[in-house]
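Here the structure comes first, spelled out in C-alpha cells, and everything after it is commentary.
Protein chains in written order, with my numbering: chain A, 1 to 683; chain B, 684 to 1089.
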C-alpha cells in the first residue's frame, strides 16, 4: 500500500464525485432555468384568487324612497379538518338544527374537501349571528363569512323589481363573467339592469399554505383589483302610488299600469295577485318560489305586460281614430242602430241617434262594428285584405301587436291578427269584414297587454305620440341613456283627429259609463270596457288619462272576471289618478269598497271549471298551423316554454274535442292565451 | 476545512429557519422551533468538535474496535427497545432527548475499516481480507436495515469507494455500476427482451475478442450472471422491497405518475426548486417551502429551500462547495503517511458523497425518495453530531500526520 499505488484510484474516485456534481448542476440548470412549468405550478400552488363581491346597486323610487337595498347576511363556513372537540349540542341549539342535520352537513362538507372551507349554513340571520359570534371561539373550524342579500323594504312592486338567483351552469357557459355561486338578476329591474347593478368584481390575490390557510397578500396587493359597487338606480315608480294601487287591486286578479304621458315614465305597474318580494330572497327562496309557482292564481306572472286581454270597448278608440284618419268617418258620421250579419246581430243599449262623440260616450257597439266594416270593406281598397292590412297598420302604430320596448324583461307583444291567420282559419278570400267584425269592438282574436293599453292612453293624451314607457330614470345619478327614451314615437294619426275622441272620452266620465270616476272638478278622459272572455264573467276594464289638458297620468286597469268596467276598473283607475294628483282621497266610500272587494273566489271557480278542459295541450292543430307569425321563439321567452302538440297528442285532443262543441277561432285563441298565461309561463 | 464546516452549518441553519419560517415565530433563536433547536445542536456540535480536537490523536486509532463494538451494541439495543417512528425503529429516547445510533454507526464503521485495512500485511487482493472488510461493513448495515431505516443502510454501500482506493479490483465498481443499470433496465424492459439483448452483447463481444477458451468462459459467465440478475431483480423487487419503496422507484422511473400520492414529494420539491429561477426568490421569500407544500422541508428536503430561495446560483454554489470539500478530503487523505488516516478520510468522503448524491438526487428527481439528510444542512441533532465527529476526527488525525511514521 503506497500513496503512489493509489494514484489511479484516487483519480477515479474524484472523477466519480465530479461527474455526479456536474450531472446535478446540469439537471438544476434545466429545472431552474429552462423549464417554465414549475414556476407556473408554484403560483398555482400558492396563489388563491379571492373574489371581492361588490355591493349591488340600490334602487330608489322617483321620490327617493328606497325600493331595494342590500342587507348583510352571514354564511357559516366550516373547514372539516379543523373541527375538533366542539360541544355539538350547544352548537345545534344555537343554529336550531338537529344532531343528524349537523352530522349530515359535516359529512357533506368533508366529501367536498377536508381542508377547504365550505358553506355549513347559508345566510344565517343577524340574530343568530350575534349569539353565534360570542361563542364562535368555542367551535373550532367554523367561521362566518359576510355576504349581502337583497332586501325590499316596502314590500311593493315585486314584479317590477324582480329577483336575483344563483347562476346556473348554462349561463356560466354563455357568459364568462359569471362564476359558480354568483348571483344574477333573473326578473324585473334586477334582470334588465343587471350589468349596471352588479358592479365590477374585485380580485384579491392571497398566498395560502398547503392547508389552504391564508398567509397574506401577494406582493402587497400590487395585482389586486378593487371591487366597484353597482350603480344606484332611480326608478320612475312612485312607491306610494304603487303601494296604494296594490291595496286597491288586492284580492283581485288583474293588472294596472299608470304612465306619465309627457315622459313615458311608468308611475305604477301592478300585477295582481302579487307577492312580497322578500319571499324570493335568502334561505327560504327556493321553498317560496315553489309555493308561488304552484299557486293557481299565478302570482309570479306579470300580467301587466305578459297577459293578453281582449281590450273590449276600450279598443273602439283606436278603431275610431284609424277610421277618422283614413277618412272613413268624420266626427258627424252616424250609423244605424243595429249591425246585422246573417243570423247574428249587434244592438244598441238604447240611446238617441248619435255621431262619433256620442258613440264613444255610450260605447255604441253597432256604431263601431259598422265603422270597422266600412273601413275594411271600403271601395278604396282593392279587396278586404288590403283594407284589413291598412287598418292593422294603424293599430300597430299605437304599439299594439308589438313589443313596446319597456326596459323590463319578458315583455310579450300581444296578438293583433294578420290576414294569414284568417286565411289559415277561413281559407283565402273566404273572410271579410263581416266575418271578423268583432275586432271593431275589441273582441275576437285580440290580445293586448295592460302596458299597451296604458301606452295607447298616453298617445291619446299627447294627441299622437308616445315616449317609450320605461321604469328606470337615472343610473348612478345620470339620466338613463341605455335605452332610446327621449324619442317621440308618432302614430299615423294627425293631431286634430284626437280632439273628437277626447271629447267623447270626457263625456264618458261626465255623462257616460264611467261617471263613478269623477273627482274634484278634474277633467278626466276615460273609456270603460267590459270584455267578454271564455273564462267566465266579463273582464272589467278602464283606460283613461287626467287631466285632459296637460295630462299628468295615463292609466289602464284590468280586473279579470269582475263584470262591468264601471263596476271595478273605473273606480280603481280614478282613485289612482286622485291619489297621484292630490295624494289624498275625497271619496272614502268608493275607496273602501274597492279595497274590500274580493273577487278571488270568482277566479277559483273559473279555474276549477276550466281545469279539466284545456290545460294539458293545445287543442286542435299545432300552434304553427294557426298563428304562423307567432314563431315559437316569441313564446319561448326566458324560462317560459310552450310545447307544440305532437301527432299523438293531437289525435287524443281531437277525440276530446269531438265530445265538445267545436271551438270558434276566438275561443281557440283565448284558450291558447289562457293556457299560456295559466300554465306555461313558469315551467 | 473548518471554514467549510462552519459555512455549511450556518447555511443549513438559515435554510431551516427559512423553511419553517412563519410570522408567529420570527425570532431565529426561538427554541420551540426547528431552527432554534438546530442552533442548540450546532452549539453542542461545536463542543464535540473541541473535545475531539483536545483528545490525543492516537486515541481514535487505538479505540477503533471498541467504538465499533459499542455502536453495534447500541444498534442492537435500538432494535430491542426503540419505538416505531414513521415506520422505522431507529431512535433511542433518553428523556426528551432522542438519538439515532445509525448515524454514528457510519463513523464507527469508517474507523473500524481503517483500523483493519491499515494493519500490516493486509492485502486487498486476499479473499480473506475482502471477506473481513465486507463483514465489517455489512454487519452494521444489516442491523440498520433491520431497523427499517433503508436510507441509512444504503449509505454503507459508499464504503465500496474506500475498498476500491485500497486496492479492490475495479471490477467491483464496474459490476456495481453494471448492476445498477441492470436493475433499472430490468424494471423498465420486459425480462425476455433484456435477456436477449444481454445474450447478443455477450455473443458479439466473444466474436470480437480473441476466441480463446478463457475468454469464452468469461463472457459466458458474465452473460449468465447478468441474466440471473435480471430474474433476481424481478423477484427482489416484488418480494423484498416494501410497497412504498416500489412506488417511489416507479415514480422515479416514470412508470407511474402519482402527483398526489407517492410522487407528491418529488413533484412539489421540483416545483419549489424550479420556481427559484436563477437568483431565487430571496431569503425568506420562498412560498412553496415556507407554506409547507414541500414535506419534510427542514430535514430531507432542505435542498428545496436552497433551490427556491437562492435559485440556480445558490444550488450551484452549494454543490460546488460540497465538491470542493470532497476534493479537500481526498487531498488530505493522499498526503497522509498513516494508512489509517487515509482510509478513514476516504470513508468520510464516501459517506458525505453518498448523502449528497441521494439527498440532492431525490430533491431534483434523479434518485428515489430515500430519507437521508444532507450533510451539515438538514435539521437533526444526531446527523449533525455524526458529521461533525466524522469531520473533526479527520481534522485531528490530519494534524498528527507529521508524527506518524510509515
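Ideal Cβ positions, reconstructed from N, Cα and C, are used throughout, including at glycine.
Of all alpha-carbon atoms in B:1060, B:1081, B:852, B:1064, the one lying nearest the alpha-carbon of residue 694 of chain B is that of B:1060. About 7 Å separates the Cβ atoms of residue 163 of chain A and residue 277 of chain A, confirming a contact at the 8 Å cut-off. Following the DSSP letters along the chain, one finds residue 513 of chain A in no alpha helix (DSSP H), marked with neither H nor E. DSSP places residue 733 of chain B within a helical segment (H, G or I) once states are collapsed to three. Against chain A, the CB of residue 916 of chain B has no partner CB under 8 Å away; the residue lies outside that interface. Only 12, 13, 14, 16, 17, 18, 20, 21, 23, 24, 25, 27, 28 from the region 11-28 of chain A bring a Cβ to less than 8 Å from some Cβ of chain B. Residues of the region 284-296 of chain A whose Cβ lies closer than 8 Å to any Cβ of chain B: none. Separation of residue 32 of chain A and residue 14 of chain A (C-alpha to C-alpha, rounded to the nearest whole angstrom) is 26 Å.
Three or more beta-carbon pairs separated by less than 8 Å are not found between the region 294-302 of chain A and the region 326-336 of chain A, which leaves the two stretches without contact. Annotated three-state conformation of residue 309 of chain A is strand, per DSSP.
The beta carbons of residue 555 of chain A and residue 573 of chain A sit closer together than 8 Å. For residue 892 of chain B, no beta strand (DSSP E) run applies, since DSSP gives it neither H nor E.
Put simply, the region 1003-1017 of chain B does not touch the region 946-957 of chain B. Fewer than three CB pairs are less than 8 Å apart. Beta-bridge partners assigned by DSSP to residue 118 of chain A: A:78. In this structure, B:740 is the residue among B:724, B:740, B:686 with its C-alpha nearest to the C-alpha of residue 1086 of chain B. Under the Cβ criterion (8 Å, minimum of three pairs), the region 1065-1078 of chain B counts as touching the region 727-742 of chain B.
At a cut-off of 8 Å between beta carbons, residue 1084 of chain B makes no contact with chain A. The beta-carbon of residue 206 of chain A is placed no less than 8 Å from the nearest beta-carbon of chain B.
The C-alpha of residue 148 of chain A is placed about 11 Å away from the C-alpha of residue 125 of chain A.
Against chain B, the beta carbon of residue 9 of chain A has neighbours under 7 Å at 847, 848, listed in chain order.
Taking the C-beta atoms as reference points, residue 201 of chain A is found no nearer than 8 Å to residue 229 of chain A. In this structure, residue 235 of chain A keeps its C-beta atom at 8 Å or more from the C-beta atom of residue 475 of chain A.
For residue 339 of chain A against residue 369 of chain A, the beta-carbon gap comes to about 4 Å, under 8 Å, which counts as contact.
Under the 8 Å criterion on CB atoms, residue 1004 of chain B is classed as non-interfacial with respect to chain A. Non-local C-beta neighbours of residue 341 of chain A in its own chain, meaning closer than 7 Å and more than five positions away in sequence, comprise 434, 437, ordered along the chain.
Secondary structure of residue 739 of chain B (DSSP, three-state): coil. Under the DSSP definition of a beta bridge, residue 52 of chain A partners with A:202.
Runs of alpha helix (DSSP H) with 4 or more residues, each lying fully within the region 135-194 of chain A, are found at 158-161, 169-174, 188-192, listed in chain order. DSSP lists A:415 as the beta-bridge partner residues of residue 447 of chain A.
Per the DSSP secondary-structure output, residue 555 of chain A pairs in a beta bridge with A:258, A:544. CA-to-CA, the gap between residue 119 of chain A and residue 139 of chain A works out to about 15 Å. At a cut-off of 8 Å between beta-carbon atoms, residue 1010 of chain B makes contact with chain A. CA-to-CA, the gap between residue 377 of chain A and residue 191 of chain A works out to about 46 Å. Under the three-state reduction of DSSP, residue 456 of chain A is assigned to helix.
Partner residues in the beta bridge of residue 467 of chain A, as assigned by DSSP, are A:488. Between residue 827 of chain B and residue 788 of chain B, the C-beta spacing is below 8 Å.
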